[in-house]
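Respectively, the protein sequence lines represent chains A and G.
Numbering follows numbering that gives the first Met the number 0, with no gaps: position 84 of the first sequence is 83.
Numbering follows numbering that gives the first Met the number 0, with no gaps: position 47 of the second sequence is 46.
Virtual Cβ for every residue (Gly too), placed ideally from N, Cα, C.
Notes follow once the structure below has been shown.
Protein chains: 2
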Amino acid sequence: MGQNERKLHLNAFLAASGHHEAAWRHADTNPEKSVDIRHYARLAQIAERGLLDSLFLADGYAGAGGKLEPFTQLAALATLTEKIGLIATVGTTYNEPYHVARKFASLDHISGGRAGWNIVTGAGSAAFNFGREEHPEHSERYEAAEEFVEVVKQLWDSWDDDAGVYDKQSGVQVDKNKVREINFKGHTYSVKGPLNIPRPPQGYPVLVQAGSSESGRELAAKTAEVIFTAQQSLEEAREFYSDVKSRLAKYGRSPDQLSILPGLSPIVADTEAEARDIEHELNSYINVNSAVRRLSDRLNLDLTGHPLDGPLPYDLLPGVDTINGHKGRYLLIVDVARRENLTIRQLTQRLAGARGHLTFAGTPIQLADLIEEWFETGGSDGFNVMPQLYPSGLETFVDKVVPELQNRGLFRTAYEGSTLREHLGLARPANLRSAFAASS
Amino acid sequence: MGQNERKLHLNAFLAASGHHEAAWRHADTNPEKSVDIRHYARLAQIAERGLLDSLFLADGYAGAGGKLEPFTQLAALATLTEKIGLIATVGTTYNEPYHVARKFASLDHISGGRAGWNIVTGAGSAAFNFGREEHPEHSERYEAAEEFVEVVKQLWDSWDDDAGVYDKQSGVQVDKNKVREINFKGHTYSVKGPLNIPRPPQGYPVLVQAGSSESGRELAAKTAEVIFTAQQSLEEAREFYSDVKSRLAKYGRSPDQLSILPGLSPIVADTEAEARDIEHELNSYINVNSAVRRLSDRLNLDLTGHPLDGPLPYDLLPGVDTINGHKGRYLLIVDVARRENLTIRQLTQRLAGARGHLTFAGTPIQLADLIEEWFETGGSDGFNVMPQLYPSGLETFVDKVVPELQNRGLFRTAYEGSTLREHLGLARPANLRSAFAASS
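Pasting the structure below:
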């Protein structure tokens, strides 16, 4: 197997009990461990045993979901793992670039170069937790996010890689000419710098993006090195894949500088019938009223008065322009409902496995077939694996699916590098500010 | 030794190379490990071997000091230690209560109840890193800080301790009646809540305060459970101790609800002569120009034109009212210089050991004598230990001074509890919002 052969990238999307919305009611799960770091250490160690590229934590700043905070959680997991990447979701709208640049630099140092940042602009309900009257509009958030990322990169570049001298004889600890103010003054942010921590081991932590709207795709093409996306069919995945990859050239980037990883939410068992049984059991635990409320939120339309066993009221749907958040997901849900002619009840079940991500129930061989087909025919560069049950679903994936992918030559048989950039085949970014200083 | 006998509390103030400003030039130190988590893990494990109450990290949001960020650093250290408390400095002026409440709750869960928050309002130079034109004035910052802490406590109380149900049969994961919005609307902050993480294991992480100005003392008396303070003499320490303890009653608090820990920056060796040799060696490494610049900043007066071997120009000093930051430290420095009749050069050496904290060079017995005297005669409840050299100074303290304190019955011989509150003899705070809900 040659070094340069294209390999799958696999990320484990962590969750306390799994990605099926009723996973916590299954006997295999431990929902009472939702803030127990030992539980997540176990998941991380299973994923690392499976040689996965990275772990990923979603995040938000509102609601009553009881989870650990990503920076503290991933810093703790960094010391309990050796190689696996650690990707935190951090929203731009209610954060400061200085704090975010610094925490990611710190996580990257602590983990020896394994940090990644999933850049999101956040959901509307967070506004009230930060003294704001309303969530900024979609395009305004994306413009601010672009500037936010620019400030953060400049802050990471405010230290040259070789700024630390530590010469006890001469008394020079840090070369002050190699640590610079950035004096950034933009539309939204004004930041003097420098950052108060040396440049991250990876130069920049890996930049990840998850929005699939028009502005999300464009920001991803300009900025992202990994995209997480929800795709319901190989055909749609191919359209998305070629669309996003084709946007890279105008930013001077090549297709291999961005890995596209659709979500994949599997239930794997030795026989297809067993997998279907687990799926049916999980679906039997769904609270249909809660599910209809969540679907109503997604579609910005109150469905509670409509017959559960009738179709979506398509003529009442408000349109994607009224959605100030997950625009891509709105379109996906309406499309699936219409194409598969689903009732409201059926739609809630269709979404229960992974909120609109691709679900699967079958054998290890069948799942490896699906992964291989998407990977080899222009659908993806790998997957964001979202087991419907944790830890059992992750264990099955690692112990039964990963070996099959390795047998087919699609996946690594050992970590070749030690940073997340190395796992993903990404170059370490040059220090743009240092280069500028040298050439001026 | 009875359970109720008063015991010393000892905190280790972490630093890369030690608290002497030139420690990094000493052969025993490893300044190149300033962002290496294994280095801090070693320090933490030494401190835990010495049964110290806690570790403490200072912090700031400006300058080019190359350090790890406290939340990520302490979360990493939480997994590498078992019992020792983990105190992070987090400033209020440039942070959001929601983020701070959440990260401390997360650190407290990850560490099993070992988190502490050193509440500061921050230094002026940070303003430019957060799009602000200037640092808010001292009293304005303290008023906002008081409100900030109030919001954070309400957010921690937004979950009842028993809100998690996790009943797979009935399908109730969290009792929604036990997770409440706070709808806080104050002068500076407006936060809806609830927080998105269960109440911390300690109820509230331990609240620490380090300001010794008039507003700092009052905020401490109202809010703090530990005070770090700089005191140059036992007489001054006693004045401070009795002043602050006497302020507690008006807030309905008893003296044992607040531990006062002056900084103590020791050099310990088997003979006093050896300790003095280390001190002289360290002082020989001082860069006097840098030291005069730092002293100029502290005093808000440019001293670079004044003779190094002459006295401070007392008539030119601008007065404490012009200091918008460390007011208590300004007064301490001027007082020491005047009382000991120091030249500018001598003053920089006097401050080099620990920036104005009490320094010591001598034997383990002599240091134990000092600690015992301060502890037994109303000067302190213990110390914030600031070794001039890391790791060697901490190792000497733990291996030679701690046993002497144990022999004298002044310090624990085993951790009796597992949370920082338990180490400090502090009760777990009741949930105020839950109590209010029950009685209304």
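Worksheet item: Taking the runs of the alpha helix (DSSP H) that are 4 residues or longer, which of them lie wholly in the stretch 65-142 of chain G?
Response: 69-77, 96-109
Worksheet entry | Backbone secondary structure at A14/G - three-state DSSP | For the purposes of this step, residue 14/G is taken as residue 15 along the second sequence, with counting starting at 1. Coil at A14/G, not helix or strand.
Worksheet item: Does any C-beta atom of chain G lie closer than 8 Å to the C-beta of G327/A?
Response: Sequence index remark: in the first sequence, residue 327/A carries index 328 (1-based). Output row for G327/A: interface = no.
Worksheet item: Got a sec? Which residues, its chain only, sit under 8 Å from I332/A by beta carbon, not counting five neighbours each side?
Response: Here residue 332/A refers to the residue found at position 333 when the first sequence is read from its first residue. Only L294, R297, L298, L346, L350, G355 meet the Cβ criterion.
Discussion item. Suppose you measure from the CA of K82/G to the CA of F359/G; what does that come to, to the nearest Å?
Written reply: Translated into the one-based positions of the second sequence, residue 82/G becomes position 83. Translated into the one-based positions of the second sequence, residue 359/G becomes position 360. Their backbone Cα atoms lie some 28 Å apart in a straight line.
Discussion item. Which residue wins for smallest C-alpha separation from N94/A, given the options D107/A, A104/A, A126/A?
Written reply: Here residue 94/A is taken as the residue at index 95 of the first sequence, counted from 1. The residue with the shortest Cα to Cα distance from N94/A is A126/A.
Discussion item. Buried or exposed, going by whether 16 or more other CB atoms sit within 10 Å of the CB of H279/A?
Written reply: Here residue 279/A is taken as the residue at index 280 of the first sequence, counted from 1. Answer is exposed; the Cβ neighbour count stays below 16.
Fill in: Residues within the stretch 90-118 of chain A neighbouring chain G, beta-carbon criterion of under 8 Å
Y93, N94, E95, Y97, H98, R101, K102, A104, S105, L106, H108, I109
Worksheet item: Rounded to a whole number of angstroms, what is the C-alpha to C-alpha distance between G49/G and F374/G?
Response: Along the second sequence, read from residue 1 onward, the residue named residue 49/G stands at position 50. Along the second sequence, read from residue 1 onward, the residue named residue 374/G stands at position 375. Roughly 19 Å between the two C-alpha positions.
Worksheet item: Using DSSP with H/G/I as helix, E/B as strand and the rest coil, what is T228/A?
Response: In the first sequence, counting from the first residue as 1, residue 228/A sits at position 229. If DSSP states are grouped into helix, strand and coil, T228/A belongs with the strands.
Practice prompt. Kindly provide the ranges of any alpha helix (DSSP H) runs that are 4 or more residues long and lie completely inside the stretch 279-322 of chain G, ordered along the chain.
Written response: 287-298
Worksheet item: Is it a yes or a no for the stretch 52-63 of chain G touching the stretch 181-201 of chain A, going by three-plus beta-carbon pairs under 8 Å?
Response: yes
Practice prompt. Taking 8 Å as the cut-off, decide whether the C-beta atoms of T440/G and L79/A are in contact.
Written response: Summary: the structure shown does not reach residue 440/G, with chain G confined to residues 0 through 439, and so no result is reported for it.
Worksheet item: Whose Cβ in chain A lies nearer than 7 Å to the Cβ of S189/G?
Response: On the second sequence, position 190 is the one that residue 189/G refers to. Those within 7 Å of S189/G in chain A are G130.
Fill in: Own chain partners of T91/A with C-beta closer than 6 Å, once the 5 adjacent residues on each side are dropped
Position 92 of the first sequence, counted from the first residue, corresponds to residue 91/A. Counting only Cβ-Cβ distances below 6 Å, and skipping sequence neighbours, we find T120, A144, F147.
Worksheet item: G1/G: buried (16+ other C-beta within 10 angstroms of its C-beta) or exposed?
Response: On the second sequence, position 2 is the one that residue 1/G refers to. Unreliable placement is indicated for G1/G, whose pLDDT of 44 sits below 50; the coordinate value is still reported in the next sentence. It counts as exposed.
Discussion item. Does the CB of E149/G have a neighbour CB from chain A at under 8 Å?
Written reply: Translated into positions along the second sequence, residue 149/G becomes position 150. Taking Cβ atoms only, chain A never reaches closer than 8 Å to E149/G, which makes this a no.
Discussion item. By alpha-carbon positions, which one of I109/A, P204/A, G361/A, K167/A ends up nearest to D156/A?
Written reply: In the first sequence, counting from the first residue as 1, residue 156/A sits at position 157. Nearest of I109/A, P204/A, G361/A, K167/A to D156/A, Cα basis: P204/A.
Worksheet item: Smallest Cα separation from Q231/G: which of I285/G, L218/G, R338/G, H137/G?
Response: Against the second sequence, residue 231/G aligns to sequence position 232. When only C-alpha atoms are compared, the closest one is R338/G.
Practice prompt. For Q348/G, decide whether its Cβ has a neighbour in chain A, counting only Cβ atoms nearer than 8 Å.
Written response: Taking the second sequence and counting its residues from 1, one reaches residue 348/G at position 349. Output row for Q348/G: interface = no.
Worksheet item: Does DSSP put K6/G in a helix, in a strand, or in coil?
Response: Here residue 6/G corresponds to residue number 7 of the second sequence, with the count starting at 1. Coil, per DSSP.
Discussion item. Among the candidates T270/A, F12/A, E372/A, G378/A, whose CA atom is the shortest distance from the CA of I259/A?
Written reply: Sequence index remark: in the first sequence, residue 259/A carries index 260 (1-based). Closest by alpha carbon: G378/A.
Worksheet item: Can a CB atom of chain A be found closer than 8 Å to the CB of A63/G?
Response: For this step, residue 63/G is matched to residue 64 along the second sequence. Chain A, which has a Cβ nearer than 8 Å to the Cβ of A63/G, makes this yes.
Worksheet item: Using Cβ-Cβ distances below 7 Å, what residues of the stretch 149-175 of chain G are close to chain A?
Response: G163, Y165, K167, G170, Q172, V173
Practice prompt. Thinking G352/A and S211/A are a contact (beta carbons under 8 Å), I'd like their distance in whole angstroms, please.
Written response: Here residue 352/A corresponds to residue number 353 of the first sequence, with the count starting at 1. Here residue 211/A corresponds to residue number 212 of the first sequence, with the count starting at 1. Actually they do not touch by this definition, with Cβ atoms about 18 Å apart.
Discussion item. Let me make sure I understand the geometry here. Which of A236/A, A104/A, P135/A, E273/A has the alpha-carbon closest to that of F70/G?
Written reply: Within the second sequence, the letter at position 71 stands for residue 70/G. Cα-wise, what sits closest to F70/G is A104/A.
Worksheet item: Between G324/G and P200/G, is the Cβ-Cβ spacing less than 8 Å?
Response: Here residue 324/G refers to the residue found at position 325 when the second sequence is read from its first residue. Here residue 200/G refers to the residue found at position 201 when the second sequence is read from its first residue. No, the Cβ-Cβ distance between G324/G and P200/G is not below 8 Å.
Discussion item. Let me confirm a value: N526/G is counted as buried when at least 16 other C-beta atoms fall within 10 Å, else exposed. Which label applies?
Written reply: Outside the displayed span of chain G (0 to 439) sits residue 526/G, for which this structure offers no information.
Discussion item. Please confirm whether K66/G has its beta-carbon closer than 8 Å to some beta-carbon of chain A.
Written reply: Start at 1 with the first residue of the second sequence, and residue 66/G comes out as number 67. So yes, K66/G belongs to the interface.
Item to complete: Determine the extent of the beta strand (DSSP E) in which D166/G is found, giving its start and end residues.
Response: Here residue 166/G refers to the residue found at position 167 of the second sequence. Unbroken beta strand (DSSP E) run through D166/G: 163-166.
Worksheet item: Thinking C-alpha only, which one of E415/A, P312/A, A268/A, H305/A is nearest L393/A?
Response: Within the first sequence, the letter at position 394 stands for residue 393/A. Considering only alpha carbons, the answer is A268/A.
Practice prompt. Pull up the distance between the alpha-carbon of T418/A and that of G262/G, whole angstroms please.
Written response: Your numbering for residue 418/A matches position 419 in the first sequence. Your numbering for residue 262/G matches position 263 in the second sequence. Answer to the nearest angstrom: the Cα atoms are 40 Å apart.
Practice prompt. Could you say which of E4/G, D27/G, E20/G, E238/G lies nearest to P390/G if we only look at CA atoms?
Written response: Mapped onto the second sequence, residue 390/G falls at position 391. The residue with the shortest Cα to Cα distance from P390/G is D27/G.
Worksheet item: If you measure from the beta carbon of F12/G to each beta carbon in chain A, is any gap under 8 Å?
Response: Here residue 12/G is taken as the residue at index 13 of the second sequence, counted from 1. By this cut-off, F12/G is not an interface position.
Practice prompt. Compute the distance between the beta-carbons of G17/A and L388/A, then report whether it is under 8 Å.
Written response: Walking along the first sequence from the start, residue 17/A turns up at place 18. Walking along the first sequence from the start, residue 388/A turns up at place 389. Yes; because the gap between Cβ atoms is below 8 Å, this pair is in contact.
Worksheet item: Quick one: what's got a C-beta closer than 6 Å to R275/G's C-beta in the same chain, skipping five residues either side?
Response: Here the question's residue 275/G lines up with position 276 in the second sequence. Excluding sequence neighbours, R275/G sits near A360.
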